[in-house]
Amino acid sequence: MAVRSREKQTLFLLVVGLLSWLVPGAGHLVLKEKERAIIIFVTILLTFCVGIYIGSIGVINLYGSTPWYVVGAQVMNSPMVLLLGRITAHNAYPVYGWPNEIGQIYTSTAGLLNLLCIVNAVYLAYVRGIEPARG
Amino acid sequence: MSMEAIFVIASFTVPENFGPNPQSMLWLLPLVAAIAIIYKATKLPTIKAGNFIKETSLLFGSIIVFIIIAALSLHALAWMITG
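The listed protein sequences correspond, in order, to chains A and B.
Quick note on the working numbering: the first sequence kicks off at 271 and runs consecutively.
Quick note on the working numbering: the second sequence kicks off at 5 and runs consecutively.
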């Protein structure tokens, strides 16, 4: 019985992590943290949008010469970035210089912030799993 | 789809045109704001509007002050080395 509940707990943590990655803030929404979820969703979406506004969608260059750590950070925003990467493949939207750098900094920082939120959501789910629910 | 929506979408396919001038350093501010907001959203035990804004503003201010101090120190160091 204890093993089963531990399996359920692990599955729940995985679902929370995946949801947080799919849509920023969704993991917190599942944990009934509505305000946190809205703040996270709006802030990460805005940061990402500012990045692709400055540098165009060309800053999502998954198959080009962009360093792997920038690509990794950008993908942490959401799997939707992978779809965007297919649109911009083969240098379809070329962008160079300062706008490219600022755009990459914004989009990858948004991704890293979402990674922080994913870890936080999973941690909250874990803590609530071993502690009595509040309220 | 309306013309406004098409223009908004089209603006995401062409990069902005600016170079490494002092004004472009202001792009730092929204990024620092985003970092402060997300950090405090994950750290505060409860989210209350007043407290959240206060904490976020404090962190935002601290980061900006630290960046200014670091920039001034590096500028002074570069000035001392290059004369």
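A virtual CB, placed ideally from N, CA and C, is assigned to each residue, including glycine.
These figures come from a predicted structure and were not determined experimentally.
message = Can you give me the C-alpha to C-alpha distance between I57 (chain B) and F318 (chain A), rounded to a whole angstrom?
response = Taking the first residue of the second sequence as position 1, residue 57 (chain B) is located at position 53. Taking the first residue of the first sequence as position 1, residue 318 (chain A) is located at position 48. Roughly 22 Å between the two C-alpha positions.
ask   = What in chain B is Cβ-close to Y363 (chain A), meaning under 7 Å?
value = Here residue 363 (chain A) corresponds to residue number 93 of the first sequence, with the count starting at 1. Those within 7 Å of Y363 (chain A) in chain B are T17.
ask   = Going by other Cβ atoms of all chains shown within 10 Å of its Cβ, with 16 needed for buried, is W338 (chain A) buried or exposed?
value = Mapped onto the first sequence, residue 338 (chain A) falls at position 68. Taking all protein chains shown into account, W338 (chain A) has fewer than 16 neighbouring C-beta atoms within 10 Å of its C-beta and is therefore exposed.
query = In chain order, what residues of the same chain lie with their CB nearer than 6 Å to the CB of G321 (chain A), ignoring the 5 residues before and after it?
reply = Counted from its first residue, the first sequence places residue 321 (chain A) at position 51. Result list for G321 (chain A): G373, Y376 and T377, in chain order.
ask   = Taking a cut of 8 Å between CB atoms, which residues from the stretch 39–54 of chain B lie near chain A?
value = Taking a C-beta cut-off of 8 Å against chain A, the contacting residues of the stretch 39–54 of chain B are I39, I41, I42, Y43, A45, T46 and I51, listed in chain order.
key: Distance, N55 (chain B) Cα to V397 (chain A) Cα   = As a first step, residue 397 (chain A) must be located in the first sequence, where it is residue number 127. As a first step, residue 55 (chain B) must be located in the second sequence, where it is residue number 51. The alpha-carbon separation between V397 (chain A) and N55 (chain B) amounts to approximately 24 Å.
query = What is the DSSP secondary structure of G405 (chain A), reduced to helix, strand or coil?
reply = For this step, residue 405 (chain A) is matched to residue 135 along the first sequence. Its pLDDT being 45, under 50, G405 (chain A) is placed unreliably in this model, and the value from its coordinates should be taken loosely. Note: G405 (chain A) maps to coil in three-state DSSP.
message = Can you determine whether any heavy atom of the ligand FMN sits closer than 7 Å to the C-beta of V397 (chain A), and answer yes or no?
response = In the structure on display, the ligand FMN does not appear, and there are no ligands present to speak of.
Candidates B:A74, B:I39 and B:A14: closest to F64 (chain B) by CA position = For this step, residue 64 (chain B) is matched to residue 60 along the second sequence. Taking each of B:A74, B:I39 and B:A14 in turn and checking the Cα distance to F64 (chain B), the smallest one comes out for B:I39.
inquiry  = Please report whether the beta-carbon of A403 (chain A) lies at a distance below 8 Å from any beta-carbon of chain B.
reply    = Here the question's residue 403 (chain A) lines up with position 133 in the first sequence. Because the pLDDT at A403 (chain A) is just 49, under 50, the model does not fix this residue reliably, and the value given afterwards should be weighed accordingly. The beta carbon of A403 (chain A) does not come within 8 Å of any beta carbon belonging to chain B, so the residue lies off that interface.
ask   = Considering only residues of the same chain and omitting the five flanking positions on each side of G399 (chain A), which have a CB-CB separation below 8 Å?
value = Within the first sequence, the letter at position 129 stands for residue 399 (chain A). For G399 (chain A), where only same-chain residues beyond five positions count, the Cβ hits under 8 Å are Q279, F282 and L283.
ask   = Excluding five sequence neighbours on each side, which residues of the same chain lie with their C-beta closer than 7 Å to the C-beta of E37 (chain B)?
value = Working through the second sequence from its first residue, we reach residue 37 (chain B) at position 33. Before going on, a small fix: residue 37 (chain B) reads as Ala here, not Glu. Closer than 7 Å at Cβ, skipping near neighbours: F64.
message = Can you give me the C-alpha to C-alpha distance between L354 (chain A) and I13 (chain B), rounded to a whole angstrom?
response = Numbered from its first residue, the first sequence carries residue 354 (chain A) at position 84. Numbered from its first residue, the second sequence carries residue 13 (chain B) at position 9. Distance between the alpha carbons of L354 (chain A) and I13 (chain B): 14 Å.
ask   = Just to confirm, are V392 (chain A) and G295 (chain A) a CB contact at a threshold of 8 Å?
value = Start at 1 with the first residue of the first sequence, and residue 392 (chain A) comes out as number 122. Start at 1 with the first residue of the first sequence, and residue 295 (chain A) comes out as number 25. Annotated as distal: V392 (chain A) and G295 (chain A), with beta-carbon spacing of 8 Å or more.
task = Can you tell me which of A:L332, A:N384, A:G297 and A:V345 puts its alpha carbon nearest to the alpha carbon of Y363 (chain A)?
result = If you number the first sequence from 1, residue 363 (chain A) lands on position 93. Out of A:L332, A:N384, A:G297 and A:V345, the CA that lies nearest to the CA of Y363 (chain A) is found in A:L332.
ask   = Hey, would you say G325 (chain A) sits closer than 8 Å to N347 (chain A), going by beta carbons?
value = Locating residue 325 (chain A) in the first sequence gives position 55, where the first residue counts as 1. Locating residue 347 (chain A) in the first sequence gives position 77, where the first residue counts as 1. Contact: no.
ask   = On the three-state DSSP scale, how would you describe A359 (chain A)?
value = To locate residue 359 (chain A), count along the first sequence from 1; it is residue 89. In the three-state reduction of the DSSP assignment, A359 (chain A) falls in the helix class.
request  = List the residues of chain B whose Cβ lies closer than 9 Å to the Cβ of R306 (chain A), in chain order.
outcome  = Walking along the first sequence from the start, residue 306 (chain A) turns up at place 36. In chain order: A45, T46, L48 and I51.
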